[in-house]
Structures are given as structure tokens and as C-alpha cells.
Amino acid sequence: MKNHKDASSQIVPMSNESPKVDDPEYDAVFGERKEGQVDYKSVGWIKATIIMLKTIIALGVLAMPTVLSATGGVPGSLIILVIGLLTTWSGHVVGQFKLKHPEVYAMDGVGYILAGKWGRELYSIVYPLFMIFLSGSGFVAISIAFNAVSTHATCTVAWVVVAMVGTFAMASIQTLNRVSILGWIGFVSVMSAILIITIAVGVQDRPVAAPRTGPWDKDIGVVNSAGTFLGGMGAVSTVVFSYSGTPAFFNVIGEMRRPQDYNRALYACQAVVTATYLTIGIVVYYYCGQYLTNPALGSAGTLIKKIAYGIALPGLFVSVTIYTHVGAKMIFVRLLRGSQHLTAHTFTHWAVWLGTVAGCVAMSFILAEAIPFFGDLVNLIGATLGVFMCMVSNGWMWLHDNWERRKIHKSLYYKSLVVLNVFLIVSGVFIMITGTWSAAVSIRDSYATGSISSPFSCTDNSAST
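Per the numbering used here: the sequence shown = residues 9 to 473.
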């Protein structure tokens, strides 16, 4: 066995003598690999692809038709495509950064390298908080699905409790390799629901929200001439938020057997995600036009809505499981890093792991149920924390690792990459500002129209009754 110093005790820049990212006997995060202990480094590239897909694709895909409705068919499609390309580059930067800094497991390690201890503390708060809000949003989506399927058979809070308990059980699985088994189920579930709604809106006579008799106009267009700047930026924020699983990719590559295969998983994931977003956006917008329902699962009538939500339920549970798992895992690794309890099956190991998962699940439940304008707040969090971590931080990472090269590399390729990453930062900041503005206006309008619900409300949130 190689004799390594304990590089896992804290997050520090690596020296030339430190273990490499492909060292089969020692990992810079989890330490020496021993039999009988938890083997976190066990994810292959195909399983990594599935985990990444489920980190991104949930019912957020059903917001894509509203993006085209707000901006028009061509601008909306271009927004999806461009954001897809930018977040693919962001994901590529994650892989480069991990290979250069193998001691990084999650965004807290990124923060330490970029900005020292203050950066580590900032990301230690921002990253799990973002995942907790995503999980809370998932709890609400699960309650909508249960209400739709059961025609609001019981209090909505009860369905959220079911979501919380189920998520705790599944998110407590220790490694992403085992979680990936659920990922297959979740991926097939959500894609099947998407396929059902896509086919249903294409074959139906008219959308459920359209007039039942007489002529009707979908009012679709290449460009939405009646659109507003704020509406357009809201659409951009929606798409960025729908791609904002990128920060969790650090967790994924951190548990891959061969981190060198990460790009293969990344490109497969992003290609499937972008193709799915474009397909569901274009098809549903074309057939429904102004008579979209949000989420789009309700656009094809009550029966299809029940079927689609029922099929989508496992996928919703898996998405929330992954959000909770990666957020809790960052806290867990930071608390136990450098000790035997990180990988050994000790009481401390299990107490800390189950405690962090339970804490994240409980916070998601409280936020989702206690805040009356939680849906609008999630949009605000996505426009700020989501954009900050999947665009601004990634541009910053690349510049941190490559800025010194400007003294020796003067090629057009290098200069183009500098411009790209500066653009990633600047555009990210711009989207954060305009997205915050759009979300704030939405919260104001929700209060003005009286659509804000009460905390821990039993009211049906699926429009089924």
C-alpha cells in the first residue's frame, strides 16, 4: 500500500507529491481505500450520465412551452439552445477543475480554492441551501402529482409529508453508485410522462383550456411581438434554472471510478437534456399556443393529466432524492473529512450521515409549507443562487486556473476561451439582476391578485377540484 500523507483532512491546494485523481488506492477526498468500508468511488460513466440527467430533468422540462409562449418560437428555441451550450461548457469546466484539484469534492472546496476560507464558508451555505430549495420545490411537485392522481383525496400537507418520508428513506443510501439504480427508474418515469403529454397534445382536437366549441386561435408566432423585456428575461431565468443541476456534477465526478470519463457522461447528458427541452417546448407550444396550462401536464385533459402525473411520480421522488443526497453529502464530507468515520461503518458515521439527510429533508419541508409564496421564492433562488453556481462560478473557476497562461499563450483559441468565460460571468450577473427583478414582480403580482396561499394549507394545488 502506498504511503500517503492525509490529504483529506482539509481542503488545501495539491502539491506535486499529492495523490492523483486516478490513484486506485488513495483518494484525495475519502482517503485510503480499504475493504469493508464504504466505497464511494464506484460510479461508472453510464451511471454518472443517468445521475446527471436526473439532476437536471424533472418537471421543470414542462416549463419549456411557456418559454416559447413568452418570447416566440424562434427566440425561445434559441434561448434553450444557447443556455444548453453555455451550461455544457460550465459542466466541462467542472471536469477540468476536478482533475486539476482532486481534493475538491463539492462546491465548498471550489470556494476555498477561489477565495480562501471565506469562499469556503460562502459556498458551504449557498450550495446545500440551493439543494434544499430544489428539494422543497420537488415536495410541492410531488403533492401536485398526488392531488392530480387522487383528485385531492386528502390534505395537501399530508402528501408533502409522504414526499418527505420517502425522500429521507431513499436519500439515505450512502453512495451515488447505489442511487443511480433509482436514477434509471426515475429517468424512464419522467421521459415516459413527457412522451405521453407530447403525443396527447398532438392528437387532441383542441387544448383543454381552449373554448369547447366554435373557432379558436392558438396565437403562436415566430416572435412574440407583444412580449416584454421582463417577460423575456423571466423566460431566460426559467431555462437557466432548468439547467442548474451543474453544481452537483462535482459530487458525481467525485464518486466516479474514472474521473477521466466524466466528459463522456457530461456530453451525453447535455445532448439528451437539450433535445428533450427543445422537443417538449416546440411540440406543446405549437399545438397549445396561448392555451397552455402550467405545468404542461394539464394541457391534454383530466385523464391524461392523471396518467402522466402517476407515471411521473417515481421520477419526481428520484429527483428530490438526488438533490437531498448531494446537499447532505457535502455537509457530511466536510464534517467527517480526515477521520476514519468518513468511510468506516461506525456509529459516528451513521449518526452524522442520517442526521444531515434528516436535517436537509426537514428544512425542505418547512420552507415548502411555511412560506406562502414558496413557488415565487424558488424562482428567486434559482435566478440568484442557481445562476451564480452554474454560470458565474464556472467562469471564475476557469479564469482562476488559466489566467496566468495569458503571459505565454497568445493564440486566438486561448483568447476566445477568455472571452467566453468572461461572458459567462457577465451574462450570469445580468441574468441574476433581471431574474431577481422578474421574480420580485411576480411575488408582488401574486399578492396583488390574492393567489398567495396560507402556510401549511390543505388546499388542492393541482386544479383537480
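C-beta: ideal position from N, C-alpha, C; glycine also.
Which residues in the same chain have their Cβ closer than 6 Å to the Cβ of residue i, if we skip the five residues on either side of it in sequence?
i	result
K313	A156, L305 and G306
V134	L393
F154	W167
S132	D116
A376	G144, F147, V148 and F382
A71	T246
G242	S446
M397	P255
Y113	V37, G262 and V341
G318	V157
In the DSSP assignment, find the unbroken alpha helix (DSSP H) run with residue i in it and report its ends.
i	result
F373	F355 to A378
K337	T310 to L344
L425	L420 to T457
Y275	Y270 to C296
S401	S401 to N410
I389	F382 to I389
N259	F257 to G262
Take residue i and list the residues in its own chain whose beta-carbon comes closer than 7 Å to its own, dropping the five residues that flank it on each side.
i	result
V231	G80, V82 and P83
W475	With the chain represented from 9 up to 473, any question about residue 475 goes unanswered, as that position is not in the structure.
S461	P380 and T467
G103	I261, Y270, N271 and L274
Please list, in chain order, all residues of the same chain as residue i whose beta carbon is under 8 Å from its beta carbon, the five residues on each side excluded.
i	result
V449	L238
S85	L76, L286, G289 and I290
V369	S143, M172, T175, F176, A179 and T332
I91	V244, V247, V248 and Y251
N469	V148, S151, I152, N155, T164 and S461
E263	Y48, K49, S50, V51, T183, L184 and N185
L300	P73, T74, S77, P215, A217, V292, Y293 and S307
S454	F381, D384 and I460
Taking Cβ positions, are residue i and residue j nearer each other than 9 Å?
i	j	result
M440	V395	yes
P110	G335	no
A276	I330	no
F249	G390	yes
N259	H100	no
V351	H357	Per the sequence shown, the amino acid found at residue 351 is Thr instead of Val. Yes, they are a contact pair.
Q298	D213	no
G436	L388	no
R345	V37	yes
Q268	L107	yes
A273	A56	yes
G323	G194	yes
A308	I228	no
A320	S200	yes
V426	S372	no
T63	G235	no
S472	T159	yes
Which word fits residue i, buried or exposed, when buried means at least 16 other C-beta atoms lie within 10 angstroms of its C-beta?
i	result
D35	buried
I416	exposed
R452	exposed
G44	exposed
P463	exposed
Whole beta strand (DSSP E) runs in the segment 100-147 with 3 or more residues, listed along the chain?
-> List check, beta strand (DSSP E) in window: nothing returned.
Sequence ranges, alpha helix (DSSP H) only - wholly within the segment 36-89, length at least 4 = 53-64 and 72-79
In chain order, each beta strand (DSSP E) run of at least 3 residues that lies wholly inside the segment 180-241 = List check, beta strand (DSSP E) in window: nothing returned.
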